[in-house]
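Participant: So that we are looking at the same thing, I have put the structure below in C-alpha cells.
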Amino acid sequence: MATFVLVHGGWAGNMVWRELAPRLRKAGHDVYAPTLTGIGARKHLLNREIDLDTHIQDVVGVIDDADLSDIVLVGHSYGGMVISGVADRVPEKVLLPDRRLVTVPGEDWLVEPIPSAGFGLKRPEVIALWEGKSGPHPLATLTQPLQLTGGIRRVKQKMYILATDPARFTQFYDKLKIDPGWTVHTLPCTHFIQLEMPDELTAILLKAIS
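Quick note, the sequence shown lines up with residues 1401 to 1610 if you use my numbering.
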C-alpha cells in the first residue's frame, strides 16, 4: 500500500482529483488531496499575503500532521511547483515522484481563471466542472521564484506526464526525457488528465510504485 498526496493546480481546488482519488483508494492506497490556501474550499482565506511558500507549507503541514512517510507526490499544473518545493524540504518522506495572466479588476494581487478554451478543454462535463469551480488565484504564488536547497535530488524516482492534446508544456518534457533521474509519459488528452483519462493515469501511478 502506498500513500498518495495529490496537489491541485491554480484557480480550482481539489475537486480536480474526484475521478483519480477513488480509483487509487479502490486499489488499496491511502490518498490525501489537500486544498491550498485561498483556493476552492479554502477560498474564504484568500488574501494578498499568499505566495508559493504558503502553498508548499500547506502540503508540508498535511504530511507532518498525519505523520506521513514514503509518500507519492502528484502535482497537477501549478501543483508541480508546489510538490517540487515540498520534495526539496522533506525529501526523506517522499517515495516518488507562455501565457498571459489577467488580474482581477481592482485587485492586482489576484489572477482571473484561465478559461476552458485556454486549456483546450473539449469534454462538456470537464468544461462545466472547470467553469463552475474555478476562481481567482493569488498572483504571488505564480511569480515567486521556487527556491530549492538540493534536497529534491535525494528523491530517486521522479515522473513527468505530458498531456498532448494539445501539448502545452513540451519544454519540460523535452528536458526531462533525457534526464536519467526522471521517467516521462504522454497521454492523448487535454490539460486535465486526471478528469479525462483517470483510468490510464491510475495505471501509470500504480505501475510506478509496483
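The C-beta atom is built at its ideal place from N, Cα and C for all residues, glycine as well.
#1: So the candidates are 1548, 1583, 1543; which of them puts its Cα closest to the Cα of residue 1633?
#2: State whether the stretch 1450-1460 contacts the stretch 1431-1441, with contact taken as three or more CB pairs (one from each stretch) at a distance under 8 Å.
#3: My understanding is that residue 1544 touches residue 1419, with C-beta atoms under 8 Å, so please give their C-beta distance in whole angstroms.
#4: Given a cut-off of 7 Å, decide if residue 1537 and residue 1410 are closer than it, judged by their beta-carbon atoms.
#5: Using alpha carbons as the reference points, say which of 1505, 1528, 1534, 1507 lies closest to residue 1513.
#6: Taking DSSP as the reference, what is the three-state secondary structure of residue 1564?
#7: Rounded to the nearest angstrom, what separates residue 1442 and residue 1417 at their Cα positions?
#8: Confirm, please, whether the CB-CB distance from residue 1511 to residue 1503 is below 7 Å.
#9: So residue 1468 and residue 1483 are in contact, right, with Cβ under 8 Å, and what is the actual spacing, rounded?
#10: Taking the alpha carbon of residue 1433 as the reference point, which residue from 1461, 1551, 1547 has its own alpha carbon closest?
#11: Comparing the CB of residue 1610 with every heavy atom of the ligand FAD, is any distance shorter than 6 Å?
#12: With distances taken between CB atoms, is the gap from residue 1548 to residue 1488 smaller than 7 Å?
#13: Using the beta-carbon count (16 or more within 10 Å), is residue 1597 buried or exposed?
#14: Compare the C-beta of residue 1446 with all C-beta atoms of chain C and state if any pair is closer than 7 Å.
#15: Can you tell which of 1608, 1573, 1476, 1588 has its C-alpha closest to the C-alpha of residue 1413?
#16: On the DSSP letters alone, give me the boundaries of the beta strand (DSSP E) that residue 1508 sits inside.
#17: Could you name each continuous alpha helix (DSSP H) segment of 4 residues or more that falls completely within the stretch 1408-1449, going from the start of the chain to the end?
#18: Considering only the beta carbon of each residue, do residue 1546 and residue 1509 sit closer than 7 Å?
#19: Among 1501, 1431, 1485, 1527, whose alpha-carbon lies nearest the alpha-carbon of residue 1606?
#20: Whole angstroms is fine: what's the gap from residue 1492's alpha carbon to residue 1506's?
#21: Going along the chain, which residues of its own chain have a beta-carbon closer than 7 Å to the beta-carbon of residue 1577, five neighbours each way excluded?
Facilitator: The answer reads as follows:
#1: Outside the shown range of the chain (1401 to 1610) lies residue 1633, about which nothing can therefore be said.
#2: With the cut-off at 8 Å, the stretch 1450-1460 and the stretch 1431-1441 touch.
#3: Translated into the one-based positions of the sequence shown, residue 1544 becomes position 144. Translated into the one-based positions of the sequence shown, residue 1419 becomes position 19. Contact between residue 1544 and residue 1419 fails: their C-beta atoms lie close to 30 Å from each other, not under 8 Å.
#4: For the purposes of this step, residue 1410 is taken as residue 10 along the sequence shown, with counting starting at 1. For the purposes of this step, residue 1537 is taken as residue 137 along the sequence shown, with counting starting at 1. Result yes, Cβ atoms of residue 1410 and residue 1537 sit closer than 7 Å.
#5: Sequence index remark: in the sequence shown, residue 1513 carries index 113 (1-based). For residue 1513, the closest of 1505, 1528, 1534, 1507 by C-alpha to C-alpha distance is 1534.
#6: On the sequence shown, residue 1564 is found 164 positions in, with the first residue counted as 1. Here residue 1564 sits in strand by DSSP.
#7: By one-based count along the sequence shown, residue 1442 stands at place 42. By one-based count along the sequence shown, residue 1417 stands at place 17. Rounded to the nearest angstrom, the two C-alpha atoms are 16 Å apart.
#8: Within the sequence shown, numbered from 1, the residue matching residue 1503 stands at position 103. Within the sequence shown, numbered from 1, the residue matching residue 1511 stands at position 111. Contact: yes.
#9: If you number the sequence shown from 1, residue 1468 lands on position 68. If you number the sequence shown from 1, residue 1483 lands on position 83. Not quite, the Cβ-Cβ distance comes to about 13 Å (not below 8 Å), so this is no contact.
#10: For the purposes of this step, residue 1433 is taken as residue 33 along the sequence shown, with counting starting at 1. The residue with the shortest Cα to Cα distance from residue 1433 is 1461.
#11: This structure lacks the ligand FAD; in fact it carries no ligand of any kind.
#12: As a working mapping, residue 1548 is identified with position 148 in the sequence shown. As a working mapping, residue 1488 is identified with position 88 in the sequence shown. Cβ atoms of residue 1548 and residue 1488: closer than 7 Å.
#13: Along the sequence shown, read from residue 1 onward, the residue named residue 1597 stands at position 197. Residue 1597 is buried by the Cβ-count criterion.
#14: Protein chain content of the structure displayed is limited to a single chain, and chain C is not contained in it.
#15: Here residue 1413 is taken as the residue at index 13 of the sequence shown, counted from 1. Among 1608, 1573, 1476, 1588, the Cα nearest to that of residue 1413 is on 1476.
#16: Taking the sequence shown and counting its residues from 1, the one referred to as residue 1508 is at position 108. Its beta strand (DSSP E) spans residues 1507-1511.
#17: Counting only runs of 4 or more, we get 1420-1426.
#18: Along the sequence shown, read from residue 1 onward, the residue named residue 1546 stands at position 146. Along the sequence shown, read from residue 1 onward, the residue named residue 1509 stands at position 109. Not a contact, by the Cβ cut-off of 7 Å.
#19: For the purposes of this step, residue 1606 is taken as the residue at position 206 of the sequence shown. Measuring from the Cα of residue 1606, the nearest candidate turns out to be 1431.
#20: For the purposes of this step, residue 1492 is taken as the residue at position 92 of the sequence shown. For the purposes of this step, residue 1506 is taken as the residue at position 106 of the sequence shown. Computed Cα separation, rounded: 43 Å.
#21: In the sequence shown, residue 1577 corresponds to position 177, counting from 1. Around residue 1577: 1584.
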